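Undergrad: Residue numbers (numbering that gives the first Met the number 0), protein chains in the order written: chain G, 0 to 488; chain C, 0 to 488.
Protein chains: 2
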Amino acid sequence: MSPAEVEPHVFVILGATGNLTRRKLLPALYHLSSRGELRKKGVILGVARRNLNDQSFRKLARSMLESAGLSVDDAIYSPWCDSCLHYRSIGQGSPEDYKELATRLETLERQHSLPGNRVFDMALPPEAFPDAIVGLGEAGLNKSPGWTRVVVEKPFGQDLASAKELNQLVHKYFDESQVYRIDHFLGKETVQNLLVFRFANALFEPLWNRDHIESVEITVAESGGIEGRSDYYERTGASRDMVQNHLMQLLTLVAMEIPTSFEGDSIRNEKVKVLRQIAPIRRENVVFGQYARGKIGGKEVAGYREESGVLSDSETETFIAAKLEIANWRWKGVPFYLRTGKRMPERLTRIVIRFHCAPVSIFQPFESTCALEPNVLTVAIQPDEGFDLQFQVKSVGQPISLTTQRLHFRYSEAFGPLPDAYENLLVDVVTGDQGQFVRYDEVEGAWALCDPLLKEEITVYPYRGGTWGPPEAAKLFDGSENTWLDRRD
Amino acid sequence: MSPAEVEPHVFVILGATGNLTRRKLLPALYHLSSRGELRKKGVILGVARRNLNDQSFRKLARSMLESAGLSVDDAIYSPWCDSCLHYRSIGQGSPEDYKELATRLETLERQHSLPGNRVFDMALPPEAFPDAIVGLGEAGLNKSPGWTRVVVEKPFGQDLASAKELNQLVHKYFDESQVYRIDHFLGKETVQNLLVFRFANALFEPLWNRDHIESVEITVAESGGIEGRSDYYERTGASRDMVQNHLMQLLTLVAMEIPTSFEGDSIRNEKVKVLRQIAPIRRENVVFGQYARGKIGGKEVAGYREESGVLSDSETETFIAAKLEIANWRWKGVPFYLRTGKRMPERLTRIVIRFHCAPVSIFQPFESTCALEPNVLTVAIQPDEGFDLQFQVKSVGQPISLTTQRLHFRYSEAFGPLPDAYENLLVDVVTGDQGQFVRYDEVEGAWALCDPLLKEEITVYPYRGGTWGPPEAAKLFDGSENTWLDRRD
Numbered sequence: 000m001s002p003a004e005v006e007p008h009v010f011v012i013l014g015a016t017g018n019l020t021r022r023k024l025l026p027a028l029y030h031l032s033s034r035g036e037l038r039k040k041g042v043i044l045g046v047a048r049r050n051l052n053d054q055s056f057r058k059l060a061r062s063m064l065e066s067a068g069l070s071v072d073d074a075i076y077s078p079w080c081d082s083c084l085h086y087r088s089i090g091q092g093s094p095e096d097y098k099e100l101a102t103r104l105e106t107l108e109r110q111h112s113l114p115g116n117r118v119f120d121m122a123l124p125p126e127a128f129p130d131a132i133v134g135l136g137e138a139g140l141n142k143s144p145g146w147t148r149v150v151v152e153k154p155f156g157q158d159l160a161s162a163k164e165l166n167q168l169v170h171k172y173f174d175e176s177q178v179y180r181i182d183h184f185l186g187k188e189t190v191q192n193l194l195v196f197r198f199a200n201a202l203f204e205p206l207w208n209r210d211h212i213e214s215v216e217i218t219v220a221e222s223g224g225i226e227g228r229s230d231y232y233e234r235t236g237a238s239r240d241m242v243q244n245h246l247m248q249l250l251t252l253v254a255m256e257i258p259t260s261f262e263g264d265s266i267r268n269e270k271v272k273v274l275r276q277i278a279p280i281r282r283e284n285v286v287f288g289q290y291a292r293g294k295i296g297g298k299e300v301a302g303y304r305e306e307s308g309v310l311s312d313s314e315t316e317t318f319i320a321a322k323l324e325i326a327n328w329r330w331k332g333v334p335f336y337l338r339t340g341k342r343m344p345e346r347l348t349r350i351v352i353r354f355h356c357a358p359v360s361i362f363q364p365f366e367s368t369c370a371l372e373p374n375v376l377t378v379a380i381q382p383d384e385g386f387d388l389q390f391q392v393k394s395v396g397q398p399i400s401l402t403t404q405r406l407h408f409r410y411s412e413a414f415g416p417l418p419d420a421y422e423n424l425l426v427d428v429v430t431g432d433q434g435q436f437v438r439y440d441e442v443e444g445a446w447a448l449c450d451p452l453l454k455e456e457i458t459v460y461p462y463r464g465g466t467w468g469p470p471e472a473a474k475l476f477d478g479s480e481n482t483w484l485d486r487r488d
Numbered sequence: 000m001s002p003a004e005v006e007p008h009v010f011v012i013l014g015a016t017g018n019l020t021r022r023k024l025l026p027a028l029y030h031l032s033s034r035g036e037l038r039k040k041g042v043i044l045g046v047a048r049r050n051l052n053d054q055s056f057r058k059l060a061r062s063m064l065e066s067a068g069l070s071v072d073d074a075i076y077s078p079w080c081d082s083c084l085h086y087r088s089i090g091q092g093s094p095e096d097y098k099e100l101a102t103r104l105e106t107l108e109r110q111h112s113l114p115g116n117r118v119f120d121m122a123l124p125p126e127a128f129p130d131a132i133v134g135l136g137e138a139g140l141n142k143s144p145g146w147t148r149v150v151v152e153k154p155f156g157q158d159l160a161s162a163k164e165l166n167q168l169v170h171k172y173f174d175e176s177q178v179y180r181i182d183h184f185l186g187k188e189t190v191q192n193l194l195v196f197r198f199a200n201a202l203f204e205p206l207w208n209r210d211h212i213e214s215v216e217i218t219v220a221e222s223g224g225i226e227g228r229s230d231y232y233e234r235t236g237a238s239r240d241m242v243q244n245h246l247m248q249l250l251t252l253v254a255m256e257i258p259t260s261f262e263g264d265s266i267r268n269e270k271v272k273v274l275r276q277i278a279p280i281r282r283e284n285v286v287f288g289q290y291a292r293g294k295i296g297g298k299e300v301a302g303y304r305e306e307s308g309v310l311s312d313s314e315t316e317t318f319i320a321a322k323l324e325i326a327n328w329r330w331k332g333v334p335f336y337l338r339t340g341k342r343m344p345e346r347l348t349r350i351v352i353r354f355h356c357a358p359v360s361i362f363q364p365f366e367s368t369c370a371l372e373p374n375v376l377t378v379a380i381q382p383d384e385g386f387d388l389q390f391q392v393k394s395v396g397q398p399i400s401l402t403t404q405r406l407h408f409r410y411s412e413a414f415g416p417l418p419d420a421y422e423n424l425l426v427d428v429v430t431g432d433q434g435q436f437v438r439y440d441e442v443e444g445a446w447a448l449c450d451p452l453l454k455e456e457i458t459v460y461p462y463r464g465g466t467w468g469p470p471e472a473a474k475l476f477d478g479s480e481n482t483w484l485d486r487r488d
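Given below as structure tokens:
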């Protein structure tokens with residue numbers, strides 16, 4: 000990105016002393032600035048309850064960066080922090096406090112000769128979000144002489160009803176074109192590349208349908224547990240934490256039709272169409288699981304019910320597997336297998352496209368089933384981003400015999416280390432590109448699909464930590480020749 | 000291959016003291032034996048004019064192996080040569096000489112308790128070949144108590160008429176099922192794998208036609224010159240030396256329909272069909288070239304007319320480029336560009352499949368021409384055997400921009416060093432698999448296509464050694480957006 004495309008702005012972080020700011024926002028802003036992509040264009044205004052001034056916030060910011068594992072370079076940090084970093088307490092968040100925030104913003108903009116472009120990044124816990132929206136809106140901070148954009152973090156609502164309510168509240172003050180709902184998966188290079196892969200390569204589109212694809216499998220596996228966040232997780236579970244957002248996003252990107260252009264609403268229109276064409280998820284096509292004690296990488300790990308803060312009879316799901324069907328001309332009859340869980344053998348996000356087998360093997364023409372392995376395209380999203388295409392080759396020597404090999408591409412081999420997803424997304428925010436953000440109707444469409452999972456009583460099967468979920472998840476493949484692809488490559 | 004599938008036999012080399020035996024046959028037989036693939040199954044009988052006995056032939060064979068660059072291991076060589084290697088002079092090749100050869104064969108078979116299976120490998124110059132066929136046939140060596148097979152080296156004829164004559168002569172004594180015409184390209188793993196790639200992978204067949212493929216380009220480039228063989232080359236030229244055999248073989252493998260099975264005649268039936276569907280080559284679609292002085296790898300190289308034994312006004316072509324069209328439902332309208340030459344920048348055999356561009360780029364939907372690079376599949380045959388699939392990916396960072404990358408597979412990375420093509424082919428001969436050998440009607444079909452090139456006066460353009468041929472070759476792409484793909488990767 001050329002820095003010229005970024006217009007001068009103030010980047011306001013609401014929740015500037017919080018965890019998300021420390022882990023994601025500040026590191027991303029620091030990296031972008033130190034690479035020259037935001038510097039001299041953006042001023043940052045931290046906002047939180049704590050009573051800090053610019054100086055003490057700059058100190059805190061530095062310790063936050065360091066605690067996030069960055070090695071802070073003084074030659075870069077000092078000028079950045081002196082020219083960029085500011086702070087304003089929001090106190091108890093009264094209307095008066097927001098008015099004073101507005102005054103501070105105007106002062107800052109005057110001091111830096113800024114035209115009034117503003118980002119409000121809501122790095123807040125979900126329960127603080129509605130009040131902040133109202134606070135901003137009532138103080139007139141929903142508009143400015145330049146543009147005003149609101150960045151909203153997940154989770155967006157707890158179910159369909161609450162998401163709709165939240166959207167109504169946001170829309171009371173902000174136009175949808177101002178709203179940037181983050182799903183950080185969408186900031187990942189490989190996820191963004193999925194659309195390039197599909198629509199810049201004429202090779203794949205003719206194959207990308209029910210005639211040639213046997214099934215699609217999407218796995219988002221974490222090896223970690225709940226990492227002390229029992230409070231959050233007990234209220235959330237895997238459905239809300241992963242399925243409604245990340246898995247549904249990956250699914251829509253795989254399944255969507257060709258958008259009219261590579262522009263925010265064209266892409267999001269197509270994603271919404273997919274969500275509306277997914278058949279209601281049937282109970283028998285869902286398997287819930289909860290991790291029990293186990294071993295990962297040789298280390299004993301506790302079961303979910305043993306985690307501190309979790310009830311000993313908790314029925315919260317830490318694993319979901321589901322089989323979905325998309326009822327449209329492209330996909331009818333192609334199962335989409337989705338799976339996510341904690342305490343799985345490795346951290347792994349991957350989309351697996353299984354093509355149909357050859358109808359007959361000319362190598363054994365009269366076998367009752369084709370003995371050939373199918374072609375499988377794997378889109379590896381983390382940790383090792385790239386593409387693999389599994390295909391059959393002749394083994395060396397005579398007589399002829401076949402073996403499976405892979406055409407291979409890895410991002411890191413071509414480009415070196417990739418930027419964090421947040422960096423991509425923040426650049427999109429300040430340049431006004433909504434394509435990789437979730438529109439209100441996407442959020443609601445995804446909740447509409449997941450709502451039944453939240454409301455119904457579904458058996459939660461235990462699985463050993465360090466396994467790919469409960470054995471019951473395999474039954475989703477009943478009637479198919481396949482099962483979950485468990486090895487990483 | 001399991002050694003059990005090889006039946007005990009005598010492998011007769013006619014021309015046992017010659018160049019081909021030294022460079023190819025003996026090394027291949029030695030390697031196969033030392034790997035246990037032929038040992039104890041095959042006895043070798045060298046036949047030539049020279050007056051040698053078993054002992055002196057064994058000594059000669061050893062020095063031939065060493066001069067071919069093999070490191071001969073005594074522990075393997077001595078028992079192999081003592082039990083395997085025999086010699087019989089054919090004298091002046093009179094009927095009497097062939098009768099005595101027959102007697103010697105029977106004796107050998109008695110001594111080694113062999114059932115009478117015989118290979119006659121005609122490692123002879125083309126002018127000696129007809130007499131040898133007659134000699135064998137008249138001595139009754141065209142049949143035996145077991146099987147009898149004749150291996151024929153290229154060139155097979157000098158044009159359509161001579162090839163037909165030769166086929167008639169061969170068929171007077173041998174059934175086509177006994178005849179193994181070698182095109183050593185067909186023994187290469189990658190060439191054999193081309194059929195596996197096409198017919199064991201359901202992914203490619205739906206794309207393998209005029210709807211999805213824009214053009215096919217086949218290059219067989221040599222960096223060497225004529226290496227002192229002016230006598231041979233002046234009579235031959237690139238048309239006879241490369242186009243009629245190797246290039247036509249590669250073309251038929253790319254273009255053929257799905258055979259009914261992976262069996263010799265099923266494959267060859269389909270190849271013949273392709274040859275018959277190639278439209279007669281029009282003169283304006285052919286460019287001839289002849290190398291002039293130049294530089295390869297920093298070294299000055301002489302021009303063709305400066306080579307010893309070449310006339311200073313020789314019009315022999317050392318380069319041919321041609322555009323062919325296959326008039327069938329699969330390929331009509333898809334140009335097949337063929338190119339071969341000596342003294343090109345590198346040794347390189349490669350098939351390039353260019354797919355159509357995406358019809359529109361959603362990244363720039365209103366551009367008049369699609370700005371996207373096409374997908375290109377490269378089948379690398381030598382020196383670095385494997386597959387590459389060129390595709391578009393997103394460059395790292397924002398805003399979106401595209402870059403070309405490659406999905407990559409290399410045989411040597413998966414399997415280590417590959418056996419020489421001759422080893423594969425000799426195994427096929429002794430196991431009776433004709434699939435990788437050229438049938439009489441293939442030979443004639445290929446000559447029928449090339450005959451006009453031999454008879455017409457075609458301008459021969461000079462090209463500098465170390466270049467990809469005369470600039471005039473580019474005109475074959477007139478009216479297309481492409482030109483020859485000159486870089487290796």
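C-beta atoms are modelled at their ideal positions from N, C-alpha and C, and glycine is treated no differently.
Bear in mind the structure is a predicted one, so any value in this text is a computation, not a measurement.
Which residues in chain C sit within 8 Å of F184(G), going by Cβ to Cβ distance?
TA: The premise fails here: F184(G) is roughly 15 Å from chain C at the closest Cβ pair, so nothing lies under 8 Å.
Undergrad: Would a C-beta distance cut-off of 7 Å place Y290(G) and Y462(G) closer than the cut-off?
TA: Yes, the pair counts as a contact, with Cβ atoms nearer than the cut-off.
Undergrad: Near P515(C), which residues of its chain fall below 7 Å by C-beta distance, leaving aside the five closest residues on each side in sequence?
TA: No statement about residue 515(C) is possible, as the shown extent of chain C runs from 0 to 488 and does not include it.
Undergrad: Along chain G, which residues have their Cβ under 7 Å away from the Cβ of N192(C)?
TA: Against chain G, the beta carbon of N192(C) has neighbours under 7 Å at V392 and K393, listed in chain order.
Undergrad: Does P382(G) get closer than 7 Å to chain C when you measure Cβ to Cβ?
TA: no
Undergrad: Using a Cβ-Cβ cut-off of less than 8 Å, give me the residues of the region 425-440 of chain G that come near chain C, in sequence order.
TA: V426, D427, T430 and D432
Undergrad: Let me make sure I understand the geometry here. Which of L24(G), R349(G) and E262(G) has the alpha-carbon closest to that of M63(G)?
TA: L24(G)
Undergrad: Cutting at 7 Å between CB atoms, please list the residues of its own chain near V71(G), excluding the five before and the five after it.
TA: R61, L64 and E65.
Undergrad: Go to Q404(G), then tell me how far its beta strand (DSSP E) extends in each direction, as first and last residue.
TA: Start and end: L401 to R409.
Undergrad: Below 8 Å on C-beta distance, what does P418(C) contact in chain G?
TA: What P418(C) touches in chain G: V395 and G396.
Undergrad: Closest by CA to H245(G), which one among W328(G), G186(G) and F386(G)?
TA: Just measuring C-alpha positions, the residue of W328(G), G186(G) and F386(G) sitting nearest H245(G) is G186(G).
Undergrad: List the residues that DSSP assigns as beta-bridge partners of M121(G).
TA: According to DSSP, M121(G) bridges with L13(G) and V151(G).
Undergrad: Does the Cβ of D210(G) have 16 or more other Cβ atoms within 10 Å, making it buried, or fewer, making it exposed?
TA: With fewer than 16 other Cβ atoms within 10 Å, it is exposed.
Undergrad: Please report how far the alpha carbon of E305(G) lies from the alpha carbon of F173(G), in whole angstroms.
TA: 44 Å
Undergrad: Taking the alpha carbon of K153(C) as the point to measure from, which residue in I457(C), H170(C) and W446(C) has its own alpha carbon closest?
TA: W446(C)
Undergrad: Could you work out which residue in G478(G), D477(G) and G468(G) is closest to T218(G) when comparing CA atoms only?
TA: G468(G)
Undergrad: Using a Cβ-Cβ cut-off of less than 9 Å, give me the residues of the region 346-358 of chain G that come near chain C, in sequence order.
TA: F354, H355, C356, A357 and P358
Undergrad: Output, in chain order, the set of chain C residues within a Cβ distance shorter than 7 Å of H211(G).
TA: Against chain C, the beta carbon of H211(G) has neighbours under 7 Å at P205, listed in chain order.
Undergrad: Spell out the partners DSSP gives V219(C) in its beta bridges.
TA: T339(C) and T348(C)
Undergrad: Is there at least one Cβ from chain G nearer than 7 Å to V378(C)'s Cβ?
TA: no
Undergrad: For W492(C), count neighbouring Cβ atoms within 10 angstroms of its own Cβ and tell me buried if that reaches 16, exposed if not.
TA: For residue 492(C) there is no data in the structure shown, the boundaries of chain C being 0 and 488.
Undergrad: List the DSSP bridge partners of S214(G).
TA: R353(G)
Undergrad: For chain G, find out if any of its Cβ atoms is closer than 7 Å to the Cβ of L401(C); answer yes or no.
TA: yes
Undergrad: Roughly how many whole angstroms lie between the Cα atoms of T16(C) and R275(C)?
TA: 39 Å
Undergrad: I need the straight-line Cα distance from K298(C) to T317(C), nearest angstrom please.
TA: 19 Å
Undergrad: Indicate the three-state DSSP secondary structure (helix, strand or coil) for T377(C) in the structure shown.
TA: strand
Undergrad: With H, G and I counted as helix, E and B as strand and the rest as coil, what does DSSP make of P382(G)?
TA: coil
Undergrad: Terminal residues of the continuous beta strand (DSSP E) containing Q436(C)?
TA: Note on residue identity: the sequence assigns Phe, not Gln, to residue 436(C). Careful: F436(C) lies outside any beta strand (DSSP E) and carries neither H nor E.
Undergrad: Distance check for E233(G) and V309(G), CA to CA, integer angstroms please.
TA: Cα-Cα distance, rounded: 7 Å.
Undergrad: With a threshold of 7 Å between beta-carbons, can F119(C) be considered close to chain G, or not?
TA: no
Undergrad: So who's on the other strand from P398(G), going by DSSP bridges?
TA: Looking at the DSSP assignment, P398(G) forms no beta bridge with any residue, so it has no partner.
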